[in-house]
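Quick notes on the structure that follows.
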Amino acid sequence: MNGRNGRNTTLSKSQQKKRTYQFTVKAEEAGTPLDRWCVIHFSGLTIKQARRELRIRNIRVDQRSIREFSRPVRQGERIAWTTFRPLVTPETPKQELHWDHVGGRPNLLFRDRHLAILDKPSDIPVEPTPKEDKRVCLRQLELLLKEEGVHAKKRYVTAAHRLDAGASGVVAFATSKSAASSLGRQFQERTAKRTYEVIVVGSVEKDKDILRDYMGSVGKGLQRGIVSSSRGKLAITHYEVLQRYKDVSHLRVQIETGRTHQIRVHMAHLGHPIVGDWLYCPKEKAAECPKAKRLFLHAKELTLVHPHTDEEMTFSSPLPAQMQAYLDAM
1 MNGRNGRNTT LSKSQQKKRT YQFTVKAEEA GTPLDRWCVI HFSGLTIKQA
51 RRELRIRNIR VDQRSIREFS RPVRQGERIA WTTFRPLVTP ETPKQELHWD
101 HVGGRPNLLF RDRHLAILDK PSDIPVEPTP KEDKRVCLRQ LELLLKEEGV
151 HAKKRYVTAA HRLDAGASGV VAFATSKSAA SSLGRQFQER TAKRTYEVIV
201 VGSVEKDKDI LRDYMGSVGK GLQRGIVSSS RGKLAITHYE VLQRYKDVSH
251 LRVQIETGRT HQIRVHMAHL GHPIVGDWLY CPKEKAAECP KAKRLFLHAK
301 ELTLVHPHTD EEMTFSSPLP AQMQAYLDAM
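Residue numbers for the sequence shown follow the working numbering, so the first one is 1 and each next one is one higher.
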């Protein structure tokens, strides 16, 4: 912003005043994972941003720093966020979005007042990232609610779980705060069931197995790896070979836990990285890794309990044409 004499008068962070936003956990919210609770109440934060704010101690619980992102919140706890950022509300002006901005209409498998289930394509992230804020599934749902005439004050969308940007398939969103709390508890307590299909490099030896390891950050950036129990969190992955081909194997995978890049890390550690996974295909296997234009990881099926009707529901997505064509060519 320019002053009368033409000089830049935009305030730096050191000149801006920090604000603290505080909420108290209600009885019906108890049990919601802390990071999800923060996304629900501190509007404008994505799950990654909430975890960063917790990590650098900008978000505190009863004035204490909590680094365990998935820790269930407890009734009566006061959770405060101190930040330079204004809290986004339904009245906060936003840039007008259109379908071409957000990557087109979402492929809905189910939707009602509380729950939206999408069949996510492989080239669109679930939530905003530092590199992409508009062309994401969350923005698609926000625009859909607006188009349907849902009042700005009642528009609410948050992802219930993770799915890597390069992956495809079934992903659940809460479209009410009460649904977000319910879904958060289901994934926290491992009652929601997730099934995936992957195509991995090489011939997997065992027909089926259960992988149990501790996972955590390794080096800089997004990469995760197998670490000691003191440095990571337990990750449990079940796999079954559907079919072996000359150079690859087609697997069905189920996860009990939901660690970042869990399936990708476990498959790479097994010696069979997922086809198209540039992050976890080691240099010594680069020549063996078949070329693919996408990550061959697909969220095939999701079973959960509807947050308001208590009905158990299962949603599924067929294997994408690109993955099927790849197998057919084997």
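Just so it is clear, CB atoms sit at the ideal spot from N, CA and C, and this is done for glycine as well. This one's a predicted model, so the numbers in the text were calculated from it and none came from an experiment.
Worksheet item: Leaving out the 5 sequence neighbours to the left and right, which residues in its chain are closer than 6 Å to residue 41 when beta-carbon positions are compared?
Response: The residues are 23.
Worksheet item: In the DSSP assignment, what residue or residues form a beta bridge with residue 256?
Response: None, per the DSSP bridge assignment.
Discussion item. Let me make sure I understand the geometry here. Which of 183, 178, 280 has the alpha-carbon closest to that of residue 359?
Written reply: Residue 359 lies beyond the stretch modelled for the chain, which goes from 1 to 330, so this question has no answer here.
Worksheet item: Among residues of its own chain, excluding the 5 on either side of residue 92, which ones have a beta-carbon nearer than 6 Å to its beta-carbon?
Response: At residue 92 the pLDDT is 46, less than 50, meaning the model places this residue with poor confidence and gives no usable figure here.
Worksheet item: Looking at the structure shown, is residue 250 part of a helix, part of a strand, or coil, going by DSSP?
Response: strand
Item to complete: Taking 8 Å as the cut-off, decide whether the C-beta atoms of residue 304 and residue 186 are in contact.
Response: yes
Worksheet item: Along the chain, which unbroken stretches of the beta strand (DSSP E) at least 3 residues long are found entirely within the stretch 111 to 190?
Response: 115 to 120, 168 to 174
Worksheet entry | Extent of the continuous alpha helix (DSSP H) to which residue 267 belongs | 262 to 270
Item to complete: Look up residue 386 in the DSSP assignment and say whether it is helix, strand or coil.
Response: In this structure the chain extends from 1 to 330, so residue 386 is not present and cannot be described.
Discussion item. For the alpha helix (DSSP H) containing residue 299, name the first residue and the last one.
Written reply: Not the alpha helix (DSSP H): residue 299 falls in the beta strand (DSSP E), residues 297 to 305.
Worksheet item: What is the DSSP secondary structure of residue 194, reduced to helix, strand or coil?
Response: strand
Item to complete: Work out the CA separation of residue 199 and residue 323 for me, nearest whole Å.
Response: Straight-line Cα distance between these residues: approximately 8 Å.
Worksheet item: Taking the alpha-carbon positions, what's the residue 127 to residue 157 distance?
Response: Computed Cα separation, rounded: 10 Å.
Worksheet item: Hey, how far is the Cα of residue 101 from the Cα of residue 134?
Response: 6 Å
Item to complete: Check whether the Cβ atoms of residue 238 and residue 253 sit closer than 8 Å, and answer yes or no.
Response: yes
Worksheet item: Under three-state DSSP, which class holds residue 28?
Response: helix
Worksheet entry | Terminal residues of the alpha helix (DSSP H) in which residue 50 lies | 47 to 55
Discussion item. If you follow the beta strand (DSSP E) that residue 235 is in, where does it begin and where does it stop?
Written reply: Residue 235 -> beta strand (DSSP E) spans 233 to 244.
Worksheet item: Counting pairs of beta carbons, one from the stretch 20 to 37 and one from the stretch 219 to 227, are three or more of them closer than 8 Å?
Response: no
Fill in: Coil, strand or helix - residue 322 by DSSP
When secondary structure is reduced to three states using DSSP, residue 322 falls in the helix class.
Discussion item. Given this structure, state the Cα-to-Cα distance separating residue 263 from residue 325, to the nearest angstrom.
Written reply: 22 Å
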